[in-house]
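J.: Just dropping this structure here.
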Amino acid sequence: KTPDPLLRVPDFKIGKTGLEKAYESHLRGTAGRLEYEVNVAGRQLREVNRMDPVQGEQLTLTLDAELQKIMYERLSQEKSAAAVVLDVHTGEIYACASYPAFDPNDFSQGIEVNLWERLNNDRAYPLNNKAFGGQYPPGSTFKMMTAMAGLEAGVGPQRTVFCPGHFFLGNKKFHCWKPGGHGTVNVKDAIAHSCDTYFYKIATEIGIEKIAETSRKFGLGSEFGTDMPEEKGGLIPDQAWKRKRFPRDKKWHQGETVVNAIGQGYMLATPLQLAVMTARIVNGGKAIKPWFVAYENSKPTLPASFEDMKVRKQNLDIVKDGMVRVVMPGGTAAASQIQEEGWQMGGKTGTSQVKAITASERAAGSSYTQESLPWHLRHHALFVGFAPRDNPRYATAVIVEHGIGGSKAAAPIAKEILREAQRLDVANRKPTPIPKAQEGEAG
27 KTPDPLLRVP DFKIGKTGLE KAYESHLRGT AGRLEYEVNV AGRQLREVNR
77 MDPVQGEQLT LTLDAELQKI MYERLSQEKS AAAVVLDVHT GEIYACASYP
127 AFDPNDFSQG IEVNLWERLN NDRAYPLNNK AFGGQYPPGS TFKMMTAMAG
177 LEAGVGPQRT VFCPGHFFLG NKKFHCWKPG GHGTVNVKDA IAHSCDTYFY
227 KIATEIGIEK IAETSRKFGL GSEFGTDMPE EKGGLIPDQA WKRKRFPRDK
277 KWHQGETVVN AIGQGYMLAT PLQLAVMTAR IVNGGKAIKP WFVAYENSKP
327 TLPASFEDMK VRKQNLDIVK DGMVRVVMPG GTAAASQIQE EGWQMGGKTG
377 TSQVKAITAS ERAAGSSYTQ ESLPWHLRHH ALFVGFAPRD NPRYATAVIV
427 EHGIGGSKAA APIAKEILRE AQRLDVANRK PTPIPKAQEG EAG
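Residue numbers for the sequence shown, in this note's numbering: 27 to 469.
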């Protein structure tokens, strides 16, 4: 696709993934060349033309190298995981990682067949960027969207729902994760204790259209345009989507609303989207977008401001308070609270079903465990969080594939990421832009 014949030379390197692919034409520069007159024996007689190489553009990323290293090393303790942490006010991505990964150098001279097959057949999918391209049911991390949709629709913060451990829609029984139920709960209680029944009930009152509309405001259901080719848009279903997707069963059913209200069903989101969702909740309702490139040469690329989402601030505060209670005594992730004064976090646990629980497994009660299943059939573990809780600056999302539960597997990782981001004060150690080299300087 390029007219420059030098780029077809086998040893000429071209970016094939990630930012190197997205910015290939900027980073590449112009190849130098020398043209000689030669005789019939191929001996050079004289130089007839010379063009010096010109270095490509310089990109300065928002990533903090130290935090990136800490994140990757922590994720490497899991079999398969991904995480993102970003600035809730600017959208700058300070670290993002997907584990396991692969060594790009293995591809630079042509990859061995055995290694290629091993990478492709690995169930942990090392070739996939899970942070940007992994699409998962968000599970209970989505409950803030149902809560926010309800509040915006006029459901009062003191409105209560009684949870006996299940919810009936007609003669169909939907279970809460806690068999004995949570008793009487309001929206903050429901977020703190992750009560399914509360969200089932509210969802049937407000409907899927309101939930979908709210979710899209918070960054779910579409790509952000981060320049990462691997970025995916997830899925926020509504009635129009179902009519198109299922032409033989076009009607949207209330049972589908109930299931999707707790982040299961058709719902899909990436860790990046969940981090942005969290940031938009706690930054006062600004529609921040994630950014990877801080400077092109010496020119800043970050926008000066972001649009207001036009949601009620008091409703954002209610949801945020519920997330703060998640990591307080009685919350689903109380054990993962950051202990350093002033660094405490808020968050939300999530469990994404990979395999539906059968009636016989549910009847087995405590004798049925996720640990007894093969690894690839276990639930995914998720956690979204922000810190510090009183004046949020960082938002994160973590997924541990087949980690079973968010409180056990994902929340401790989020705790470490948010603690280290604050210890390093990454938001205040900005990168220095690299000016473009002058013509004739090689890169």
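The beta-carbon is built from N, C-alpha and C at its ideal position, and this holds for glycine as well.
(1) Select from Val213, Ala108, Lys199, Ile314 the residue whose C-alpha is nearest the C-alpha of Arg242.
(2) To the nearest angstrom, how far is the alpha carbon of Glu256 from that of His406?
(3) Out of curiosity, what's the CA-to-CA distance linking Ala435 and Thr116?
(4) Would you identify the three-state DSSP class for Pro326, choosing helix, strand or coil?
(5) Below 8 angstroms CB to CB, which residues in the same chain sit around Thr458 once its five sequence neighbours on both sides are set aside?
(6) Could you tell me which residues DSSP pairs with Phe188 in its beta bridges?
(7) Touch check for the segment 278–289 and the segment 83–103: three-plus C-beta pairs under 8 angstroms?
(8) Out of Ile237, Phe168, Glu442, state which residue places its alpha-carbon closest to the alpha-carbon of Gln299.
(9) Report the partner residues of Val319 according to the DSSP bridge assignment.
(10) Tell me the residue span of the alpha helix (DSSP H) that contains Asp222.
(11) From Ala121 to Gly372, what does the alpha carbon distance come to, in whole angstroms?
(12) Quick one: grab the DSSP three-state call for Ser331.
(13) According to the Cβ coordinates, are Phe244 and Met303 closer than 8 angstroms?
(14) Compare the Cα-Cα distances from Tyr125 to each of Gly136, Asn154, Val139, Gly429 and report the closest residue.
(15) With a threshold of 6 angstroms on Cβ separation, who are the neighbours of Pro297 within its own chain once the five nearest residues in sequence on each side are excluded?
(16) State the beta-bridge partners of Tyr62 as determined by DSSP.
(17) Mark Asn341 as exposed unless 16 or more other C-beta atoms lie within 10 angstroms of its C-beta, in which case mark it buried.
(18) Classify Lys456 as buried or exposed, calling it buried when 16 or more other Cβ atoms lie within 10 Å of its own Cβ.
(19) Please list, in chain order, all residues of the same chain as Arg415 whose beta carbon is under 7 angstroms from its beta carbon, the five residues on each side excluded.
(20) Please check the pair Gly348 and Ala218, which I expect to be a contact at CB under 8 angstroms, by giving their CB distance rounded to whole angstroms.
(21) Would you say Gly251 reaches chain C, if we count a Cβ-Cβ gap shorter than 8 angstroms as a contact?
(22) Specify the secondary structure class of Lys441 as computed by DSSP and reduced to three states.
(23) Can you look up His402 in the DSSP assignment and give me helix, strand or coil?
(24) Which residues mark the beginning and the end of the beta strand (DSSP E) in which Lys198 is found?
(25) If you draw a straight line from the C-alpha of Glu465 to the C-alpha of Pro326, how long is it?
(26) Is Ser106 closer than 8 angstroms to Glu397 when the C-beta atoms are compared?
(27) Taking the DSSP output, what are the residues bridged to Gly473?
T.: Result, derived from the coordinates:
(1) Locating residue 242 in the sequence shown gives position 216, counting from the first residue. The shortest Cα separation from Arg242 among Val213, Ala108, Lys199, Ile314 belongs to Ile314.
(2) The residue given as residue 256 occupies position 230 in the sequence shown. The residue given as residue 406 occupies position 380 in the sequence shown. C-alpha separation (whole angstroms): 21 angstroms.
(3) For the purposes of this step, residue 435 is taken as residue 409 along the sequence shown, with counting starting at 1. For the purposes of this step, residue 116 is taken as residue 90 along the sequence shown, with counting starting at 1. Computed Cα separation, rounded: 29 angstroms.
(4) Here residue 326 corresponds to residue number 300 of the sequence shown, with the count starting at 1. Three-state DSSP puts Pro326 in a strand.
(5) To locate residue 458, count along the sequence shown from 1; it is residue 432. Hits under 8 angstroms: Thr86.
(6) Within the sequence shown, the letter at position 162 stands for residue 188. DSSP lists Thr210 as partners of Phe188.
(7) no
(8) Here residue 299 refers to the residue found at position 273 when the sequence shown is read from its first residue. Ranking Ile237, Phe168, Glu442 by Cα distance to Gln299 puts Phe168 first.
(9) Translated into the one-based positions of the sequence shown, residue 319 becomes position 293. Paired residue(s): Leu87.
(10) Along the sequence shown, one-based indexing puts residue 222 at 196. Taken as a continuous stretch (DSSP letters only), the alpha helix (DSSP H) holding Asp222 covers 222–243.
(11) As a working mapping, residue 121 is identified with position 95 in the sequence shown. As a working mapping, residue 372 is identified with position 346 in the sequence shown. Answer to the nearest angstrom: the Cα atoms are 19 angstroms apart.
(12) Position 305 of the sequence shown, counting from 1, holds the residue named residue 331. Residue state, collapsed to three classes: coil.
(13) Numbered from its first residue, the sequence shown carries residue 244 at position 218. Numbered from its first residue, the sequence shown carries residue 303 at position 277. A contact, by the Cβ cut-off of 8 angstroms.
(14) As a working note, residue 125 is residue 99 in the sequence shown. Ranking the options by Cα distance to Tyr125, first place goes to Asn154.
(15) Position 271 of the sequence shown, counted from the start, is the residue given in the question as residue 297. Result list for Pro297: Ala108, Val110, Ala157, Ala423, Ile425, in chain order.
(16) The residue given as residue 62 occupies position 36 in the sequence shown. DSSP, once it has assigned bridges, lists Glu73 as partnering Tyr62.
(17) Counting from one through the sequence shown, the residue named residue 341 turns up at place 315. Buried, by the Cβ-count rule.
(18) Counting from one through the sequence shown, the residue named residue 456 turns up at place 430. Counting Cβ neighbours within 10 Å, Lys456 comes out exposed, since fewer than 16 surround it.
(19) Taking the first residue of the sequence shown as 1, we reach residue 415 at position 389. Excluding sequence neighbours, Arg415 sits near Val350, Gln370, Met371, Gly372.
(20) Mapped onto the sequence shown, residue 348 falls at position 322. Mapped onto the sequence shown, residue 218 falls at position 192. Going by Cβ atoms, the distance from Gly348 to Ala218 rounds to 6 angstroms, so yes, they are a contact pair.
(21) Absent from the structure: chain C. Only one protein chain is present.
(22) Taking the sequence shown and counting its residues from 1, the one referred to as residue 441 is at position 415. Reduced to three states, the DSSP call for Lys441 is helix.
(23) Position 376 of the sequence shown, counted from the first residue, corresponds to residue 402. Three-state DSSP puts His402 in a helix.
(24) For the purposes of this step, residue 198 is taken as the residue at position 172 of the sequence shown. That run of the beta strand (DSSP E) goes 198–201.
(25) Start at 1 with the first residue of the sequence shown, and residue 465 comes out as number 439. Start at 1 with the first residue of the sequence shown, and residue 326 comes out as number 300. Interpretation of Glu465 is limited by its pLDDT of 48, a score under 50 that renders its predicted location unreliable; the figure taken from the coordinates is listed afterwards. Approximately 22 angstroms, taken between the alpha carbons.
(26) On the sequence shown, residue 397 is found 371 positions in, with the first residue counted as 1. On the sequence shown, residue 106 is found 80 positions in, with the first residue counted as 1. Not in contact: Glu397 and Ser106 (Cβ atoms no closer than 8 angstroms).
(27) Absent from the structure is residue 473, since the part of the chain shown begins at 27 and ends at 469.
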